[in-house]
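Keeping their order, the protein sequence lines are chains A and B. For what it's worth, this note's numbering labels the leading residue of the first sequence as 61, then goes sequentially. For what it's worth, this note's numbering labels the leading residue of the second sequence as 181, then goes sequentially. Built from N, CA and C at the ideal position, the CB exists for glycine as well. Presented below is the structure to which this report refers.
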Amino acid sequence: MAISKIWVYAEADGDSPATSTLELLTKARELGGTLEAVYVGANGSALAAGLGDHGATKVFAVDPGDVLPGVVGAATLATLIGEHAPDVVLFAQSYQGRDASAALSAKLDRPVLTNGTDLRVDGDNLVVGTAIFGGNTLVDTEFEGDGPYLAVIRPKSFAAEPAGGGAAEVVSVPAADAGRAGEAKVLSTFVEEREGPKLEEAVVVVSGGRGIGSAEAFGPLVDELAKLLGGASGASRAIVDAGWVPYSKQVGQTGKVVKPKLYIALGISGATQHMVGMKGSDNIIAVNKDGEAPIFGIADLGIVGDVHKVVPQLIEAIKAKQ
Amino acid sequence: MNIAVCVKQIPDPVVPGKLAADHTLDRAGDAILDDSDAYGVEMALQLVDKAEGDGEVILISMAPDGAVKGLRTALAMGAARAVLVSDDALAGSDSLSTAKVLAKAVDRAGGVDLLLTATESTDGYTGTVPAQIAELLGWPALTFAKHVELADGKVTIQRQTEDGYDIVEASLPAVVSVTAGVVEPRYPSFKGIMAAKNKPVDAVTAGDLGLDAGAVGWAGARQKIVSVGAAPAREAGEKIEDDGESFNRVVAFLEQLKVV
Ligand SMILES: Cc1cc2nc3c(=O)[nH]c(=O)nc-3n(C[C@H](O)[C@H](O)[C@H](O)COP(=O)(O)OP(=O)(O)OC[C@H]3O[C@@H](n4cnc5c(N)ncnc54)[C@H](O)[C@@H]3O)c2cc1C
Ligand SMILES: Nc1ncnc2c1ncn2[C@@H]1O[C@H](COP(=O)(O)O)[C@@H](O)[C@H]1O
């Protein structure tokens with residue numbers, strides 16, 4: 061069996077395909093073979109142009125209605141896989157991607173490899189690269205036994221590049237009946253207000269950690285600096301767990317992966333789980349009063365100092381320039 | 181209301197991790213309760229307290245060498261009993277095999293209305309086990325919960341999303357994975373620690389659960405590590421002590437990057 065057909069589990073961001081989906085399509089193009097997408101959500105036809113432009117020739121669109129899409133999506137995928145026999149199904153490591161891949165794995169009785177940061181075809185096999193121990197060790201794993209091979213890839217592992225294809229053909233597919241397992245209903249949706257660019261897409265990210273001292277310090281230090289630099293503010297898990305800022309700001313293994321041109325870490329120690337989310341940034345500046353903090357090991361510019369002194373001075377200096 | 185909680189017992193994360201000769205995570209040394217699961221235990225204790233009628237918190241764990249240290253910690257917090265699956269045949273289990281074992285253990289525990297897990301373990305962090313267990317049990321999976329409520333035979337959660345949260349509801353029994361920080365895990369009291377010593381731990385093997393050895397462990401994983409290598413290291417750059425003027429160096433750096 062060669063790898064001749066690859067499916068990407070597509071997700072939407074508003075009316076377009078999510079960036080993580082486009083990243084997967086771009087990489088899958090390189091692996092070769094037929095490339096198609098499966099989308100479980102409302103308004104699949106809106107995604108056809110973006111998916112096609114990134115190499116998908118077809119999108120199977122499944123409208124799950126008001127239930128959580130993962131389980132019903134997996135049940136429908138299982139049926140589609142029976143009919144169309146893809147060799148590989150790729151998922152983004154997002155909330156939806158994790159739900160769907162896990163349910164599908166159990167349904168098909170196939171292993172699923174998660175936390176992937178690289179993909180390569182080796183003969184008939186698919187090799188998934190993962191970075192462990194905070195990104196210090198790279199492990200390549202290949203599948204054994206029957207496909208389809210299920211792989212879940214961390215966002216920002218590949219760059220998204222259009223291939224210039226026409227819109228993908230939209231094939232509407234009814235949602236499969238997943239029984240009781242599929243009944244979890246979404247009653248309502250809350251979107252947190254956000255000013256400025258999205259964290260995952262910002263050119264500059266300024267993140268605060270426990271070292272900023274209090275929830276009250278986040279606005280004047282972290283948000284303010286981010287705003288001045290046209291960037292987005294982020295956070296370590298320590299201050300998300302403490303309730304200082306919402307979870308949507310968390311950078312790291314359980315939060316978002318960011319790769320901005322510049323990442324500024326304020327009062328963040330540099331735990332491995334934080335670093336996996338920001339290590340790929342082009343440039344890193346860290347301010348931490350502990351000269352031994354691990355964050356300095358990856359910082360291009362490290363300031364050993366107190367954020368309450370350095371950051372207000374920095375903000376004033378930037379304001380004076382603008 | 182009986183609530184089962186998956187608790188993983190893991191090598192102390194303070195000790196830097198390493199791989200054993202067979203490329204699995206080196207699990208030598210005393211396993212402790214994964215911090216991530218302490219939130220589930222606390223949540224379960226609170227929910228059973230709030231619910232009407234009788235009920236107990238039951239721990240579910242799969243761990244090598246009959247490890248109980250982490251279970252004792254959770255029993256000391258207030259859980260009533262535990263089902264522990266320990267079997268050499270389970271070495272090398274991937275997330276799906278682990279889920280198969282845990283799902284059977286939930287059956288064995290009996291009368292479970294709600295199963296809580298963490299969203300991902302500290303050492304393995306595949307993050308797939310909860311939804312796999314749910315699928316195997318045929319129960320709804322309500323994942324990434326940052327708030328959980330039980331009423332009228334239903335569970336309602338606030339489910340974390342990329343830019344906020346959804347309110348999600350399902351009938352019981354169900355599986356809910358809870359995020360870190362949902363509740364403040366209690367410290368075991370001295371009384372709790374003493375009581376934990378005598379609480380029942382039902383220790384079973386894969387065979388006792390009716391699992392075929394070929395479906396779990398190495399045989400069931402159907403994946404092979406083909407190489408392990410060091411990642412290209414990111415070099416540390418310039419590091420300066422703040423002397424009251426270091427912000428100027430930062431401004432110069434920002435100018436060089438053209439972000440100001
Ligand atoms: C399964 C799992 C998943 C995780 N996922 C994530 C994740 O996605 N993202 C994440 O961030 N973490 C994650 N963590 C948590 C991670 O291990 C760390 O606990 C966390 O990143 C620490 O946050 P911190 O650096 O803000 O706090 P700390 O480690 O407490 O560091 C605070 C730093 O501030 C410095 N400081 C204090 N005062 C000042 C001052 N006045 N001026 C300057 N510096 C000061 C201190 O020197 C210290 O270095 C995860 C952990 C686990 C187990
Ligand atoms: N061996 C295990 N024993 C008990 N619970 C587990 C085990 N493995 C995974 N879990 C549960 O499933 C969650 C997700 O695990 P993982 O998929 O490994 O990230 C964990 O946080 C635990 O709650």
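Nearest-angstrom Cβ-Cβ length linking residue i and residue j, presumed shorter than 8 Å
i: Q189/B; j: A247/B; result: 5 Å
i: V384/B; j: A262/B; result: Going by Cβ atoms, the distance from V384/B to A262/B rounds to 11 Å, so no, they are not a contact pair.
i: A106/A; j: W67/A; result: Rounded, the Cβ-Cβ distance is 19 Å, inconsistent with contact.
i: G209/B; j: P191/B; result: 6 Å
Neighbourhood of residue i by C-beta, 7 Å cutoff - its chain only, sequence neighbours within 5 removed
i: L281/A; result: G268, I272, L326, V367 and V371
i: I373/B; result: A256
i: G242/A; result: V127, V131, V132 and A135
i: S426/B; result: I420
i: V228/B; result: M181, I183, G235, E236 and V237
i: Y155/A; result: none
i: V356/B; result: L294, L296, L322, A325, V328, V335 and I337
i: T359/B; result: T299, F324, A325, K326 and Q340
Residue i: contacting residues in chain A (beta-carbon distance under 9 Å)
i: V384/B; result: Chain A residues near V384/B: none, gap ~21 Å exceeds 9 Å.
i: K326/B; result: Y307
i: Q340/B; result: Y155, Y307 and S308
Buried or exposed (CB count within 10 angstroms, at least 16 for buried), residue i
i: T174/A; result: buried
i: N428/B; result: exposed
i: T306/B; result: buried
i: Y367/B; result: exposed
i: G351/A; result: exposed
i: Q436/B; result: exposed
i: N103/A; result: exposed
i: A219/A; result: exposed
i: D217/B; result: buried
i: V328/B; result: buried
i: P353/B; result: buried
i: F250/A; result: exposed
i: L213/B; result: buried
i: P222/A; result: exposed
i: S432/B; result: Note that residue 432/B is Ala in the sequence shown, not Ser. Classification of A432/B: exposed, given that the 10 Å Cβ count is below 16.
i: K377/B; result: exposed
i: A461/B; result: Past the edges of chain B, shown from 181 to 440, lies residue 461/B, and the structure says nothing about it.
i: G424/B; result: exposed
i: K87/A; result: buried
Chain A residues whose Cβ lies nearer than 8 Å to that of residue i
i: P365/B; result: Ordered by position in chain A, no residue passes the 8 Å Cβ test against P365/B, which lies about 11 Å from the chain.
i: G333/B; result: The contacting residues do not exist; G333/B stays about 13 Å from chain A at best.
i: Q403/B; result: P171, L173, T201, E202, F203 and E204
i: T308/B; result: R158, S161, A162, S165, V172, T174 and V212
Interface partners of residue i on chain B, CB under 7 Å
i: R214/A; result: Within 7 Å Cβ-Cβ: nothing; R214/A doesn't reach chain B, min ~11 Å.
i: A166/A; result: L276, A279, Q312, E315 and L316
Closer than 9 Å at the beta carbon, the chain B residues around residue i
i: L361/A; result: G417, E418, K419, I420, R429, V430 and F433
For residue j and residue i, the rounded distance between their alpha carbons
i: T190/A; j: D202/B; result: 17 Å
i: K381/A; j: A292/A; result: 20 Å
i: A228/A; j: I141/A; result: 19 Å
i: K65/A; j: G125/A; result: 28 Å
i: V364/A; j: Q338/B; result: 40 Å
i: V408/B; j: H334/A; result: 22 Å
i: K284/B; j: A314/B; result: 11 Å
i: Y99/A; j: S232/A; result: 10 Å
i: A386/B; j: S369/B; result: 34 Å
i: Y345/B; j: I213/A; result: 23 Å
i: V265/A; j: G390/B; result: 51 Å
i: I63/A; j: A321/B; result: 32 Å
i: H114/A; j: V181/A; result: 20 Å
i: D360/A; j: S275/B; result: 38 Å
i: R254/A; j: V265/B; result: 46 Å
i: E260/A; j: A393/B; result: 43 Å
i: T253/B; j: K379/A; result: 52 Å
i: D178/A; j: A231/B; result: 46 Å
i: T308/B; j: P171/A; result: 10 Å
i: A33/A; j: I345/A; result: Residue 33/A cannot be examined here, being either before or after the span of chain A that is shown, 61 to 382.
i: G92/A; j: D147/A; result: 12 Å
i: L330/B; j: D342/A; result: 46 Å
Contacting residues, own chain, Cβ-Cβ under 8 Å from residue i (five flanking each side not counted)
i: K379/B; result: L255, A259, A260, R261 and A262
i: G110/A; result: S76, P77 and L82
i: P193/B; result: D215, T302 and D303
Neighbourhood of residue i by C-beta distance below 6 Å, restricted to the same chain and skipping five residues each side
i: G112/A; result: G225, G226, A227 and A228
i: A200/B; result: D206
i: A121/A; result: Y99, G104, V230 and S232
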